[in-house]
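A short write-up of the structure that comes next.
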Amino acid sequence: MVIISQDMIKQLQNLMDSIDEPLKTSFENLHQGYPTEALVQFLKARDGNVPKAHKMLVDCLDWRIQNEIDNILSKPIVPADFYRGVRDSQLIGMSGYTKEGRPVIAVGVGRSTYDKASIHYYVQSHIQINEYRDRIILATATKKFERHISTCVKVLDMTGLKIAHLGQLKLLTVISSIDDLNYPEKTDTYYIVNAPYIFSACWKVVRPLLQERTRKKVQVLSGCGKEELLKIMDYDSLPHFCRRDGSGSGSSRHSRTSTGDDSCFSLDHRFHQELYSYINQQAEAIESRAMITHKSFHVAFPEPAPDDQKIAQTIESEFQKLSHQNGVADKLSNVNEDKEKK
Numbered sequence: 003m004v005i006i007s008q009d010m011i012k013q014l015q016n017l018m019d020s021i022d023e024p025l026k027t028s029f030e031n032l033h034q035g036y037p038t039e040a041l042v043q044f045l046k047a048r049d050g051n052v053p054k055a056h057k058m059l060v061d062c063l064d065w066r067i068q069n070e071i072d073n074i075l076s077k078p079i080v081p082a083d084f085y086r087g088v089r090d091s092q093l094i095g096m097s098g099y100t101k102e103g104r105p106v107i108a109v110g111v112g113r114s115t116y117d118k119a120s121i122h123y124y125v126q127s128h129i130q131i132n133e134y135r136d137r138i139i140l141a142t143a144t145k146k147f148e149r150h151i152s153t154c155v156k157v158l159d160m161t162g163l164k165i166a167h168l169g170q171l172k173l174l175t176v177i178s179s180i181d182d183l184n185y186p187e188k189t190d191t192y193y194i195v196n197a198p199y200i201f202s203a204c205w206k207v208v209r210p211l212l213q214e215r216t217r218k219k220v221q222v223l224s225g226c227g228k229e230e231l232l233k234i235m236d237y238d239s240l241p242h243f244c245r246r247d248g249s250g251s252g253s254s255r256h257s258r259t260s261t262g263d264d265s266c267f268s269l270d271h272r273f274h275q276e277l278y279s280y281i282n283q284q285a286e287a288i289e290s291r292a293m294i295t296h297k298s299f300h301v302a303f304p305e306p307a308p309d310d311q312k313i314a315q316t317i318e319s320e321f322q323k324l325s326h327q328n329g330v331a332d333k334l335s336n337v338n339e340d341k342e343k344k
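So the sequence shown is numbered by the numbering used here: it starts at 3 and just counts up by one.
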């Protein structure tokens, strides 16, 4: 893994000093007062190659300007009932903080259906959560833990993952590409929990395709991962799907408990209530409530990187193999049942 040197940072900073004013303004919105840390994240994403990191960062800023990303937190998904449908089918939320102060982002990979709205709403929702994390949550964590915090951890729940999820691959590839190109190095560690056989089979063929820095970030935990996760966070910060019982290790100043629904995916959870309230307040500061209409905020989808395309193709191929194997197994089972009947 490449170590980012002060010389690399200085070279990239010199290149950024010469960009146009609109790009500089967007960069300020991106780095939120920590320009050096932002430069380091893009340098890490390009293995310390300064020209490539510069191009990646400028492309990101162009994307932000062209798609009005700096204003996306003033674009609510309305009405609330429709947004609830988005939340119920795109399972993501925040359950608390690690002991080091990193936000814990929970993702229900296996049970997300993405069937209540068009792809544009799900992309809009995902970017809004990214922006709220970077502008509000990380800033809050930095103040609370009295040190700069620029990354989160993600706990990915694979419960319910099945071959039928192949139909969601396009949307997931779009979201992954947006994150890779425009929010690089924002996740410190990915924890995989409740992994069924289908994940294990795909992971064996996908893992070698990942870049080394990404592979090192992924940890596949046994079962719901409770014991391992309790080493880095208090019980109250565990995502609901990692709790096997109602007992816990107690709370501390590092914990964040929810109000309302225990599921951090629910719109009734404190995180989503605060997020949605914030977006609506930003919208109302710009235009009257009556003018906020029911429409998606279209964002241009980036072309997946070659590595992402290869990974998506590999997953699709592996799913098809598993589907074929299951089909053969079902046919053999039916044949055996017919023989028994005779």
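Yeah, the Cβ is synthetic: ideal placement off N, Cα and C, and Gly gets one too.
Owing to the predicted nature of the structure, the values given are computational and were not obtained by experimental measurement.
- Distance from the CA atom of Phe29 to the CA atom of Arg48, rounded to whole angstroms, is 18 Å.
- Excluding its 5 nearest sequence neighbours in each direction, Ile129 has C-beta neighbours in its own chain below 8 Å: Ile71, Ile74, Ile180, Val301, listed in chain order.
- As the crow flies, the alpha-carbon of Leu211 is around 43 Å from that of Gln283.
- Going by DSSP, Ile94 is part of no alpha helix (DSSP H) but of the beta strand (DSSP E) stretching over 94 to 99.
- In the structure shown, the three-state DSSP call for Val4 is coil.
- Here DSSP, grouped into helix, strand and coil, assigns Pro105 to strand.
- For Cys244, the secondary structure class from DSSP, reduced to helix, strand or coil, is helix.
- Remark: C-beta atoms of Ile6 and Val42 approach each other more closely than 8 Å.
- Counting only runs of at least 3 residues, the segment 138 to 170 fully encloses the following beta strand (DSSP E) elements, listed from N- to C-terminal order: 154 to 159.
- DSSP places Tyr193 in the uninterrupted beta strand (DSSP E) bounded by 189 to 195.
- By the Cβ-count criterion, Glu23 is exposed, with fewer than 16 other Cβ atoms from all chains shown falling within 10 Å of its own Cβ.
- For Gly110, the secondary structure class from DSSP, reduced to helix, strand or coil, is strand.
- Annotation: Val52 is outside any beta strand (DSSP E); the continuous alpha helix (DSSP H) that includes it extends over 52 to 68.
- No Cβ-Cβ contact shorter than 8 Å links Arg137 with Gln68.
- Glu320 counts as buried, since no fewer than 16 other beta carbons sit within 10 angstroms of its beta carbon.
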